[in-house]
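Trainee: Before we start, here is the structure in question, set down as structure tokens.
In the working numbering, the protein residues as written are 77 to 316.
Dropping the structure here:
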């Protein structure tokens, strides 16, 4: 028997209730050729999921909710990603979501690209949220990382809570990512744009309590660096 397909449903109703899925989930179900009587798994993006059965199809899919369960939370890993060029951010959000990042906070850095107008920025945020939701579904996550609108780098970095492990990925950084991570504490990672963080930004981050870390191997593209660093942290936390 094949594993039931996963569909996003927020909020997730109590067991025994009937719920109507939104247009995006209904469209995805149609692509998967799901129909009345098929078993599915509904997830709310906040750590909850439930077995369900499709009871009706049409403009919106209707499901009856079965047994609910809460998935144990992963150790929190927050990625502070400086804005890269083009569609690279799509790849970063997709890959880091699959690996297990808890939250993606976007930031404007000295070497970041020009900022889009408000209409384009809003459209892009909606796209990134959709990418995160789809990546979570495909990787069998019950939670979906939040992607926040970009703000000045130091303002974002300063929001790390007391007690968090704070790391800044720096080209030539001497610290080892895995050696710095503490499984009992939340981890914040800063990854710069193309060209990396400026010296002034690195100094300011150190002043905020961040430690510069790097890799012993070759220099990585920004769309590769973020997933690699998140994967190293996730592995150290036992989440990968």
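Each residue gets a CB set at the ideal place from its N, CA and C atoms; glycine is no exception.
1) Could you please give me the residues that DSSP links to residue 252 through a beta bridge?
2) Would you mind reading off the limits of the alpha helix (DSSP H) that contains residue 173?
3) Leaving aside the five residues before and after residue 105 along the sequence, list all residues of the same chain whose C-beta is less than 8 Å from its C-beta, in chain order.
4) If you draw a straight line from the alpha carbon of residue 281 to that of residue 228, how long is it in whole angstroms?
5) Quick one: Cα of residue 237 to Cα of residue 174, how far?
6) Using only CA atoms, which one of 255, 294, 206 lies nearest to residue 170?
7) I'd like to know if the region 275–291 and the region 241–258 are in contact, where contact means that at least 3 CB-CB pairs between them fall below 8 Å.
8) Could you tell me the distance, in whole angstroms, from the CA atom of residue 85 to the CA atom of residue 219?
9) Starting from the C-beta of residue 150, find all residues in its chain whose C-beta is less than 6 Å away, skip the five residues before and the five after it, and write them out in chain order.
10) Going by DSSP, what residue range makes up the beta strand (DSSP E) through residue 209?
11) For a quick check, are the C-beta atoms of residue 141 and residue 93 less than 8 Å apart?
12) Per DSSP, residue 242 is paired with what?
13) Select from 312, 269, 208 the residue whose C-alpha is nearest the C-alpha of residue 259.
14) Rounding to the nearest angstrom, what Cα-Cα distance links residue 247 and residue 195 in this structure?
15) According to DSSP, residue 139 sits in a beta bridge with which residue or residues?
16) I'd like the span of the alpha helix (DSSP H) that includes residue 155, first residue to last.
17) Using DSSP's beta-bridge definition, name the partner residues of residue 145.
18) Identify the continuous beta strand (DSSP E) that holds residue 222 and give its terminal residues.
19) Starting from the Cα of residue 156, find the closest Cα among 226, 255, 114, 214 and give me that residue.
Mentor: Taking the definition as stated:
1) Here residue 252 refers to the residue found at position 176 of the chain shown. Per DSSP, 290.
2) Position 97 of the chain shown, counted from the first residue, corresponds to residue 173. Start and end: 164–175.
3) The residue given as residue 105 occupies position 29 in the chain shown. For residue 105, where only same-chain residues beyond five positions count, the Cβ hits under 8 Å are 81, 83, 97, 116, 130, 133, 137.
4) Translated into the one-based positions of the chain shown, residue 281 becomes position 205. Translated into the one-based positions of the chain shown, residue 228 becomes position 152. Taking the straight line from one Cα to the other gives about 12 Å.
5) Taking the first residue of the chain shown as 1, we reach residue 237 at position 161. Taking the first residue of the chain shown as 1, we reach residue 174 at position 98. Their Cα atoms are separated by approximately 24 Å.
6) Mapped onto the chain shown, residue 170 falls at position 94. The shortest Cα separation from residue 170 among 255, 294, 206 belongs to 206.
7) yes
8) The residue labelled residue 85 in the question sits at position 9 within the chain shown. The residue labelled residue 219 in the question sits at position 143 within the chain shown. Taking the straight line joining both Cα atoms gives about 11 Å.
9) Counted from its first residue, the chain shown places residue 150 at position 74. Excluding sequence neighbours, residue 150 sits near 176, 315.
10) Locating residue 209 in the chain shown gives position 133, counting from the first residue. Where residue 209 is concerned, there is no enclosing beta strand (DSSP E), although the alpha helix (DSSP H) it sits in stretches over 194–214.
11) Numbered from its first residue, the chain shown carries residue 141 at position 65. Numbered from its first residue, the chain shown carries residue 93 at position 17. Going by C-beta atoms, residue 141 is nearer than 8 Å to residue 93.
12) As a first step, residue 242 is located in the chain shown; it is residue number 166 there, counting from the start. Answer is 264, bridged to residue 242.
13) Within the chain shown, residue 259 is the residue found at index 183, counting from 1. Checked all of 312, 269, 208; the closest Cα to residue 259 is 312.
14) Within the chain shown, residue 247 is the residue found at index 171, counting from 1. Within the chain shown, residue 195 is the residue found at index 119, counting from 1. Roughly 34 Å between the two C-alpha positions.
15) Taking the chain shown and counting its residues from 1, one reaches residue 139 at position 63. Beta-bridge pairing links residue 139 to 95, 130.
16) For the purposes of this step, residue 155 is taken as residue 79 along the chain shown, with counting starting at 1. No alpha helix (DSSP H) holds residue 155; the beta strand (DSSP E) holding it covers 153–158.
17) What you label residue 145 is simply residue 69 of the chain shown in a count that begins at 1. Answer is 125.
18) Walking along the chain shown from the start, residue 222 turns up at place 146. Note, residue 222: beta strand (DSSP E), 222–228.
19) Position 80 of the chain shown holds residue 156. For residue 156, the nearest C-alpha among the options comes from 226.
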